[in-house]
Every structure is written in structure tokens, then in C-alpha cells.
Amino acid sequence: MDGMFIADPIVALVQQHADDPRELRRQLEALLGAALLVPELPTERILAAVKEELVHLCEEARGRVARLARREAHRGFIVRALAALDPGTCVYPRAEVEALLLALDAAPERSDLGELRAVLIDAGERHRELERRVAAMLRPPEPDELAGLDPQRDSAIIHLAVTYHFRSERVFFGALEEMRPLIAPQANLFFFSTGEFGLRTYKRFIDTVLLFDNIHQWGPESRRGRAAVARINQIHGRYSLPNDAFKWVLLNLVFVPELWNARLGWRPFTELERLGWFHEHIRVGRLMRIQGLTDDIDEMRRWWHAASAAAKPSEITRASFEKLTAQLMEPLPEPLRPHWLTALMVGMDDDFRRACGYPDPPPASLQLVRETLGAIGRLGALLPRAPWIRSLHSSPVYPHGARVDELGVYRRGYTMPRPAWSHDPAATPPPEAHGKNHGYPEGLPPTQHLDEIPELPLPAIPWSEVARHNSPESAWIVVRGDVIDVSAFLAMHPGGRKPLLQFAGKDATRAFERVGHSEAAQILMSNFRVGRVAGPDPAEPTHD
């Protein structure tokens, strides 16, 4: 079967790269890997990924053609298409499909063959797009080779080139992208409440990078890209999360690199690179069902800056940043850790630094980091280009590369609360209460308004049981009849733990409304519901 695959032009591209005999190239690629952060990537791993995509493409096109087979009048053309797309001998049969399209155009019943023609045209376009992407991953384009590309239509190729030419810098601003949401107190609270952000920091960081890279590099219509979009939406869809929080976190991925580049870049982004980077993330954000994204980079930048400027200095933000930084440094060789930390601190933007309460970095540190990254960037620009397929790279978490289905988590955060069915003797928990999301809804899109939060079949909890949960180890409050388990975020609560513990085991509705919590805070709070309180509050006076 491998002999058949080699006939495909995309596989031929990979083999051509692997068969390059120049020893100098091999030595320089080894130098790139050691000094310029291009991990070794076995050709076999690239070939395996390409073959999976080819099989997926042909199987999907064949399935769509097979669904048209009920139409007896067109059986001859359909039989030819099915034979050409046979996944048992799967290369994408470009020549056969193009010949079949010509035959369809010449057929007297052409007007009745539109659906078959559309399927074949779509498959051919997807094969050409895959070929284009693989060629760019094997030999990332130089800036002058990007000239003439459209920043929206060709955003994926531009994005790939930027991640390659600024690969050393991405080690630092990639970490800042991941941690910058800490400056938003509600995001900070929620991230740590799930248990994943603080306890599996490095894996979460790598998983996020790989999920997005599978979309950026292989495309949203590819096997890997579709699986990554589905995983991202599955993970986020287990919670009611504010749409504007999603939007702001996504725009961190757009504009943090822009700020870093202006401050420390070994060369400035070109306008085409800046726009292509922006449009590629907007495209992925729409796949994530985020509302309010536009194609106007200046509008989105203003919105992001305004949201970021609202951040206030916080000991919680600073402590969270230092905790995550320590965990992200663990896989690094010990001698490199202080240098990585220096570059990270120098690279923080003003809003991030202010929220953590840090002073401006010393001018000498700024100059040292700029000169070091400048030297590395200029060296990288002089050396031969190496394959850049981060979605397939090895890492300390995935030494042999990662499959998409290994990335992320397949259950609700293990430190998140669950409905307290054991306290409602009259209730029978629904079957889904025993599933991975414990009865909470799944598949949720980002939430724009409170009225979009789904109702839950929550257990009825007597006040006597609520009153028992009045300690830091287990703290429940009641808000508008909902029993809220706040235990997981006592330490991260923007107002401190004292007001939560003051109302632990009690009705906190009046205090909650008096503070004037934002709609976003109320949306997040809905994820911590464990039941509905049963009966009147015994602490309230009764009137006969």
C-alpha cells in the first residue's frame, strides 16, 4: 500500500525532502534543532499524518458519492467515481477525477449531475489545499515569498510562516498568551477552579498549542483540524462561559505577539504578517462559536485594549502568575530557567505587569533580551529552512508526538462541584448525572446573556444540609434559591474569601445583589450550582 501512496504528489513532497542527500543540510538542521528550537521531526511521522489525511479525504468523498448511488440514471458516472476513490488503494486520484469532471461536463444530462460534480470539485479543492499547506510546512515561506498573498484567504500560510520565523520568540510570548488571562479576576477564578490550570500547567499549555496548531496547520476541513475544533468545543461546552471572556482570551493570541514584537522582536512584523495572523485567529474564533468578532483589526485591537486596561493590581494575579511560571519552567534545563524567566518578565506588556504589581524591567535586561533574541533570529534567517509542523513535534508530555484525541480532558474539571443528589432522598438522579459531566449540560456555545443559561434538573437540598457546609473545606451559599458550592474558588474570589465564608451555609442573595456582580460573573457562577434549596430560610422571620 505504501507504494501506492508514493504516487500522490503530497507524499512525493515529503519523500523529496527526506531523500535530500546534502550532508550540510543535515548538519544545519541539527544546529537549528539545538539552538533555534526546531525539534527533530521524523519523516515517518510526517508521512503517517499525510496518509491519514489522504485516506480521510477519499473516504469522505466516496461516502458522499455513495449517497447519490440511488439515482439509477447516473449509475455509470457514480461507479466510476467510487472506483477512483477506493480507499483500499488510496492516493487521491486527481487525474481520474479531473477526467471524470470533463466527462460530466460533456454529458447530455449535465444539468442533472450537479451534486456529483460538486462533490468531486470540493474533494479536488481540498486536495490542492492540503498540498499547499504541506509544502509550506516542509519549507516555510520567506517574507518576500508571501508577497501577493491575501491576508484573509491565505491567513493559514502567513500564520505558519510567522510561527516559523519567530519560533524562538514564541517560546516566550506563547507562555504570556497562556497566562495573560490571569489579569481578568473572573477568568483567573474559573481557570483554577477546574483544577487543570494550576495542577497540570505544562500539559494544559502544550495541549492548547497543539489543538490550535492542528487547525492552523492542517486546516479546519482536514481530519486533524476537524477533530481539534470538536475537542476545543467539547471541552469548553461543558460550562456556561461568557462570550466576551472567550473573545478577550482569543484576542490575547492575536495582540500579545504584536506587543512582544514591537518591544523585543528580532525584526518587525510586516503589515501582511500582522493582518494574516489576525485573520487566521478570527477564523478559528468563529469555529469556536465566539460572537462579536469582526474582520476589522483596528476595531478588535481597541476593544481588546479597553478590556485589558480595566485590569487592576492584584495579589491574587501575582501569586497565580508566579505559581504558573514555576510550573512551566519545570521541563526546562535548570541552567536555562533564570534566562527564560528574565525574557518572560521583560516581555510582559504594561497591563499585565501592572496587574501583577511588578515594576518596569531594568533597561539592561531589556537590552540583553533584545540583543540575544535578535542574534538568534538573524542566525535563523541565514540557515536553510527546516520543516515546521508543530502539531507533530515531540514534547516532554508527548515524546512521540500527540494524537488529537489525546489532547485536553474528557470530563468536567475534577475540582468542580457536582449536583448534591445524595441530599435529596425523594429524587432519582437522571442517567446523565453519572456521566463525565455529572448531569450538567454539554455542547454549550459561549454565553452572551443570563437568559441563555440552561435550566438544570437539580436536587432539592434542605436548609439543614446547606447550613452544614459552612467551612473553608466545604462552603455553600444560596443565591436566588440556587445552592452554590464556592469551595473551589475561595482563594481566588476577587472580593476575598471573607465575604464568602461569612455567608457559608446561609442565604447570600441580598449581599450578592448589593455588590452588583456583572453579568459575566453571574454566568460563571451558574457552573457551581449543586442544587435548589428546599423550603423557606429558617433564619428569616415569619409573619403570621
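For the sequence shown, counting from 1, position 184 maps to 239 in the working numbering; every step adds exactly one.
Glycine residues also receive a C-beta, built at the ideal position from the N, C-alpha and C atoms.
* Report the three-state DSSP secondary structure of W531 (helix, strand or coil). => Here residue 531 is taken as the residue at index 476 of the sequence shown, counted from 1. Note: W531 maps to strand in three-state DSSP.
* To do: In the DSSP assignment, find the beta strand (DSSP E) that holds G179 and state where it starts and stops.
  => The residue labelled residue 179 in the question sits at position 124 within the sequence shown. G179 -> not in any beta strand (DSSP E); alpha helix (DSSP H) instead, spanning 169 to 193.
* Report yes or no: do the segment 317 to 325 and the segment 214 to 228 share at least 3 C-beta pairs separated by less than 8 Å? => yes
* Report buried or exposed for Q272, applying the criterion of at least 16 other Cβ atoms within 10 angstroms of its Cβ. => For this step, residue 272 is matched to residue 217 along the sequence shown. Looking at its Cβ environment, which holds 16 or more other Cβ atoms inside 10 Å, Q272 is buried.
* How would you call E233, buried or exposed, if buried means at least 16 neighbouring beta carbons within 10 angstroms? -> Position 178 of the sequence shown holds residue 233. It counts as buried.
* Should the segment 356 to 364 be regarded as contacting the segment 202 to 222, the criterion being three or more beta carbon pairs within less than 8 Å? -> Look at the beta carbons and you see the segment 356 to 364 not touching the segment 202 to 222: under three pairs across the two are nearer than 8 Å.
* Asked: Relative to the alpha-carbon of L555, which residue among A154, W531, G494 has its alpha-carbon at the smallest distance?
  -> On the sequence shown, residue 555 is found 500 positions in, with the first residue counted as 1. Out of A154, W531, G494, W531 has the C-alpha closest to the C-alpha of L555.
* L68: CB within 8 Å of a non-hydrogen atom of the ligand ZN -> The ligand ZN is not among the ligands present in this structure, which contains no ligands whatsoever.
* Cβ atoms of D262 and V452: under 9 Å apart, would you say? -> Position 397 of the sequence shown holds residue 452. Position 207 of the sequence shown holds residue 262. Cβ distance < 9 Å, so V452 and D262 count as in contact.
* **R466 versus V189 - alpha carbon distance** => Position 411 of the sequence shown, counted from the first residue, corresponds to residue 466. Position 134 of the sequence shown, counted from the first residue, corresponds to residue 189. The straight-line gap from Cα to Cα measures roughly 33 Å.
* To do: Could you work out which residue in G429, A150, E328, L112 is closest to G203 when comparing CA atoms only?
  => Along the sequence shown, one-based indexing puts residue 203 at 148. By alpha-carbon distance to G203, the top candidate from G429, A150, E328, L112 is E328.
* In the DSSP assignment, what are the bridge partners of V538? -> The sequence position of residue 538 within the sequence shown is 483, counting from 1. Partner(s): V533, G586.
* Excluding sequence positions up to five away, which residues of its chain have a Cβ less than 6 Å from the Cβ of F544? -> Residue mapping note: residue 544 aligns to position 489 of the sequence shown, counting from 1. For F544, where only same-chain residues beyond five positions count, the Cβ hits under 6 Å are L244, S248.
* To do: Quick one: grab the DSSP three-state call for V525.
  => Mapped onto the sequence shown, residue 525 falls at position 470. Position check: residue 525 holds Asn in this sequence, whereas Val was assumed. Strand at N525.
* To do: Give me the Cα-Cα distance between P454 and L447, rounded to the nearest whole angstrom.
  => To locate residue 454, count along the sequence shown from 1; it is residue 399. To locate residue 447, count along the sequence shown from 1; it is residue 392. Approximately 10 Å between the Cα atoms of the pair.
* With DSSP collapsed to three states, give me the class of A515. => For the purposes of this step, residue 515 is taken as residue 460 along the sequence shown, with counting starting at 1. Three-state result, A515: strand.
* To do: On a CA-only basis, which of L428, G586, L266 is nearest S477? Give me that one, please.
  => Along the sequence shown, read from residue 1 onward, the residue named residue 477 stands at position 422. Ranking L428, G586, L266 by Cα distance to S477 puts G586 first.
* Say whether the segment 402 to 411 touches the segment 381 to 389, bearing in mind that this needs 3 or more beta-carbon pairs closer than 8 Å, one atom from each stretch. => no
* Burial state of V134, where buried means 16 or more other Cβ atoms lie within 10 Å -> Along the sequence shown, one-based indexing puts residue 134 at 79. Classification of V134: exposed, given that the 10 Å Cβ count is below 16.
* Asked: For L330 versus R341, is the C-beta spacing smaller than 9 Å?
  -> On the sequence shown, residue 330 is found 275 positions in, with the first residue counted as 1. On the sequence shown, residue 341 is found 286 positions in, with the first residue counted as 1. Taking 9 Å as the cut-off, the beta carbon of L330 is found no closer than this to the beta carbon of R341.
* **Coarse secondary structure for P297, derived from DSSP in three states** => As a working mapping, residue 297 is identified with position 242 in the sequence shown. For P297, the three-state secondary structure derived from DSSP is strand.
* **Helix, strand or coil at K378 [DSSP, three-state]** => As a working mapping, residue 378 is identified with position 323 in the sequence shown. Note: K378 maps to helix in three-state DSSP.
* What's the gap between the Cα of E180 and the Cα of L109? -> If you number the sequence shown from 1, residue 180 lands on position 125. If you number the sequence shown from 1, residue 109 lands on position 54. It is roughly 13 Å from the alpha-carbon of E180 to the alpha-carbon of L109.
* Buried versus exposed, by CB contacts within 10 Å (16 or more), E84 -> Indexing the sequence shown from 1 puts residue 84 at position 29. Because the pLDDT of E84 is 48, which lies under 50, any placement of that residue in the model is unreliable, and the question is left without a value.
* **K561 - DSSP class collapsed to helix/strand/coil** => Taking the first residue of the sequence shown as 1, we reach residue 561 at position 506. K561: strand per DSSP, three-state reduction.
* **Backbone CA spacing between A374 and I290 [nearest angstrom]** => Taking the first residue of the sequence shown as position 1, residue 374 is located at position 319. Taking the first residue of the sequence shown as position 1, residue 290 is located at position 235. Approximately 26 Å between the Cα atoms of the pair.
* Rounded to a whole number of angstroms, what is the C-alpha to C-alpha distance between E153 and Y219? -> By 1-based counting over the sequence shown, the position of residue 153 is 98. By 1-based counting over the sequence shown, the position of residue 219 is 164. Rounded to the nearest angstrom, the two C-alpha atoms are 35 Å apart.
* Per-residue DSSP class, three states only, for E84 -> For the purposes of this step, residue 84 is identified with residue 29 of the sequence shown, where counting begins at 1. Residue confidence for E84 is low, a pLDDT of 48 falling below 50, so the modelled location carries little weight; the figure read from the coordinates is stated next. Helix.
* Asked: How would you write the range of the alpha helix (DSSP H) that F267 sits in, first residue to last?
  -> Locating residue 267 in the sequence shown gives position 212, where the first residue counts as 1. It spans 256 to 273 - the alpha helix (DSSP H) in which F267 sits, taken as one unbroken run.
* **Secondary structure of T427, DSSP reduced to three states** => By 1-based counting over the sequence shown, the position of residue 427 is 372. Note: T427 maps to helix in three-state DSSP.
* Enumerate in chain order the residues of its own chain whose CB-to-CB distance from D63 is below 7 Å, with the five nearest sequence positions on each side excluded. => Looking up residue 63 in the sequence shown gives position 8. L109, V146, Y147.
* **Whole-angstrom distance between I444 and L513, CA atom to CA atom** => Looking up residue 513 in the sequence shown gives position 458. Looking up residue 444 in the sequence shown gives position 389. So the alpha carbons of these two residues sit roughly 46 Å apart.
* **Reduced DSSP secondary structure (H/G/I, E/B, other) of T218** => The residue labelled residue 218 in the question sits at position 163 within the sequence shown. Correct three-state label for T218: helix.
* **Stretch-stretch touch, CB-based, cutoff 8 Å, three pairs: the segment 303 to 318 with the segment 386 to 395** => no
* Of the residues P496, R172, H111, which one's Cα is nearest the Cα of A282? -> To locate residue 282, count along the sequence shown from 1; it is residue 227. Comparing Cα-Cα distances from A282 to each of P496, R172, H111, the minimum goes to H111.
* Cutoff 8 Å; reference E78; Cβ partners in own chain excluding five residues on either side -> What you label residue 78 is simply residue 23 of the sequence shown in a count that begins at 1. Caution applies to E78, whose pLDDT of 46 falls short of 50 and renders its modelled position unreliable; the model cannot decide the point.
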